[in-house]
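A.B. asks: Chains as they are written, first to last, in our numbering: chain A, 1410 to 1786; chain B, 85 to 188.
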């Protein structure tokens, strides 16, 4: 056993010396390889953590939301419709929701206005998300003004700043009283944005949604499972973000594999010829090439994964921020909880380390089985 | 005496594996201690009846992705395209992509 380990260590010594002889090329290879693993792992960590976070948080969302459409566009819904919907078996409660958007032309930002179900601010005061607070430099007790639907500005006193840790939920929110909301937006007293339903049994979502569309054909019920599925598929394989990043990574790996599979450089062939001439077996050469592939790919994999973790969970995915921000002025920091999927890490290992190691061995096996004299010529 | 190259390599790999193990420990510890934080966030979701995460604020249909319908990204004109960057980043909600009949 000690002999076996010593033999492997000698081969690793030789492999590392061989790699260091082509220092520039191999360092560049290691750098690019690490970068690819880093990007892939960052995307996987980020999307998985975000999906898990969404699943845990939105599990408390209303069971069914009923919207009304008119000629394919949203329309406010009459509050009176709640009474008939409440009579459907299985519906515990129906609450008219009041929410909408406000574009702040001074800061070029979009806010979401909401009337909370519980503990709404008093008339004339509002709660704001930490993103708005930071952007406008507004704090508790300050007076803040927004222009209403009729062009007349309204002033509100800031009652509270929503917790910074809830940025992913409430970064752009303005909470206000029902009276203020109706006055600010001009929505009539008998109308709501949509209806939020509480339902006793999750197996009844589909049937209740169907009954609602039968009673009111111009409504569009959205059940909680659909909300959860939306966020589960948010950054799925078909999303633009993943397609662009994964295509670039796959292309880079194809170039790697192509470079390796199309053959060895003259210098590498001569090296193999000399090794065979001095008595190395074909299996020794393949072992050396195995270690060569492993040294590069394992190091790149480990460094890439560690850097990706630091990037996503310690810098709030700083490199992705410019991509995700788009034209948004208000953008939440992403202090995600590090939900890691070991299966994803293992998949990444098998997709990056194994193919590279194999593509390193195959052309060497071809060169190692040829007569040394012919290889050296 | 200078260290053998294999020793340096194996120690480096061992160090990196140790770091990776520490990362997994850190992650599992963070998840374990995040219970109260999620309880507070869940209470906020219940209180405000939230349906979406505030990731993109540039367009209404990506701000409230689950509430959007299929025509919203293209509603500015009959032939208009979805022109917000976030619309190109995310996948549309699966409930909007359901086919109700065989189309071909």
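All residues carry an ideal CB built from backbone N, CA and C; glycine is no exception.
(1) Would the beta-carbon of residue 1454 of chain A fall within 7 Å of that of residue 1717 of chain A?
(2) What span of residues does the alpha helix (DSSP H) with residue 1509 of chain A cover, start to end?
(3) Nearest CA to the CA of residue 1633 of chain A: which residue from A/1547, A/1467, A/1701 and A/1544?
(4) Do residue 164 of chain B and residue 1639 of chain A have their beta-carbon atoms positioned less than 7 Å apart in this structure?
(5) My parser needs the alpha helix (DSSP H) runs of 4 or more residues fully inside the stretch 1674 to 1737 of chain A; what are they?
(6) Using Cβ-Cβ distances below 9 Å, what residues of the stretch 1564 to 1598 of chain A are close to chain B?
(7) Using three-state DSSP, classify residue 1486 of chain A as helix, strand or coil.
(8) Using a 10 Å radius around the Cβ and a threshold of 16 neighbouring Cβ atoms, would you call residue 1582 of chain A buried or exposed?
(9) Which chain A residues are close to residue 177 of chain B, counting only those with a beta carbon under 8 Å from its beta carbon?
(10) Thinking just about the alpha-carbon of each residue, which of A/1641, A/1522, A/1531 and A/1656 is nearest to the one in residue 1791 of chain A?
(11) In the DSSP assignment, find the unbroken beta strand (DSSP E) run with residue 1566 of chain A in it and report its ends.
(12) Kindly indicate which three-state DSSP category residue 1519 of chain A falls into: helix, strand or coil?
(13) Note down, in chain order, every chain B residue with its Cβ under 7 Å from the Cβ of residue 1379 of chain A.
(14) Using only the alpha-carbon positions, how far apart do residue 154 of chain B and residue 133 of chain B sit?
(15) Does the CB of residue 95 of chain B have a neighbour CB from chain A at under 7 Å?
(16) Look at residue 1699 of chain A and residue 1616 of chain A and say whether their C-beta atoms are less than 7 Å apart.
(17) Starting from the Cα of residue 1559 of chain A, find the closest Cα among A/1721, A/1592, A/1710 and A/1497 and give me that residue.
(18) How many angstroms separate the CA atom of residue 1460 of chain A from the CA atom of residue 148 of chain B?
(19) Going along the chain, which residues of its own chain have a beta-carbon closer than 6 Å to the beta-carbon of residue 176 of chain B, five neighbours each way excluded?
C.D. replies: Reading it off the structure:
(1) Counting from 1 along the first chain, the entry for residue 1454 of chain A is found at position 45. Counting from 1 along the first chain, the entry for residue 1717 of chain A is found at position 308. Between residue 1454 of chain A and residue 1717 of chain A, the C-beta spacing is below 7 Å.
(2) Taking the first chain and counting its residues from 1, one reaches residue 1509 of chain A at position 100. First-last for residue 1509 of chain A: 1508 to 1513, but that is the beta strand (DSSP E), not the alpha helix (DSSP H).
(3) Here residue 1633 of chain A refers to the residue found at position 224 when the first chain is read from its first residue. Nearest in C-alpha terms to residue 1633 of chain A, of all of A/1547, A/1467, A/1701 and A/1544, is A/1467.
(4) Residue numbering aside, residue 1639 of chain A sits at position 230 when the first chain is read from its first letter. Residue numbering aside, residue 164 of chain B sits at position 80 when the second chain is read from its first letter. The answer is no: Cβ separation not under 7 Å.
(5) Taking only runs of at least 4 residues, the alpha helix (DSSP H) segments lying wholly in the stretch 1674 to 1737 of chain A are 1675 to 1686, 1691 to 1723 and 1730 to 1734.
(6) Cβ contacts with chain B: 1571, 1572, 1574, 1575, 1576, 1577, 1578, 1579, 1580, 1581, 1582 and 1584.
(7) Taking the first chain and counting its residues from 1, the one referred to as residue 1486 of chain A is at position 77. Residue state, collapsed to three classes: strand.
(8) Residue mapping note: residue 1582 of chain A aligns to position 173 of the first chain, counting from 1. Residue 1582 of chain A should be labelled buried.
(9) Counted from its first residue, the second chain places residue 177 of chain B at position 93. Going along chain A in sequence order, the residues near residue 177 of chain B (Cβ under 8 Å) are 1635, 1638, 1639 and 1642.
(10) Any answer about residue 1791 of chain A is impossible in this case: the structure gives chain A only from 1410 up to 1786.
(11) Here residue 1566 of chain A corresponds to residue number 157 of the first chain, with the count starting at 1. Element bounds for residue 1566 of chain A: 1562 to 1570.
(12) For this step, residue 1519 of chain A is matched to residue 110 along the first chain. Looking at residue 1519 of chain A - three-state DSSP - the assignment turns out to be strand.
(13) Residue 1379 of chain A is absent from the structure shown; chain A starts at 1410 and stops at 1786.
(14) For the purposes of this step, residue 154 of chain B is identified with residue 70 of the second chain, where counting begins at 1. For the purposes of this step, residue 133 of chain B is identified with residue 49 of the second chain, where counting begins at 1. Those two C-alpha atoms are separated by around 23 Å.
(15) The sequence position of residue 95 of chain B within the second chain is 11, counting from 1. Contact with chain A is absent for residue 95 of chain B, since none of that chain's Cβ atoms lies less than 7 Å from the residue's Cβ.
(16) Taking the first chain and counting its residues from 1, one reaches residue 1699 of chain A at position 290. Taking the first chain and counting its residues from 1, one reaches residue 1616 of chain A at position 207. Not in contact: residue 1699 of chain A and residue 1616 of chain A (Cβ atoms no closer than 7 Å).
(17) In the first chain, the residue the question calls residue 1559 of chain A occupies position 150. Closest by C-alpha distance to residue 1559 of chain A, out of A/1721, A/1592, A/1710 and A/1497, is A/1592.
(18) One-based indexing of the first chain puts residue 1460 of chain A at position 51. One-based indexing of the second chain puts residue 148 of chain B at position 64. So the alpha carbons of these two residues sit roughly 15 Å apart.
(19) For the purposes of this step, residue 176 of chain B is taken as residue 92 along the second chain, with counting starting at 1. Residues of the same chain with their beta carbon placed closer than 6 Å to that of residue 176 of chain B are lacking, with the five preceding and five following residues left out of the count.
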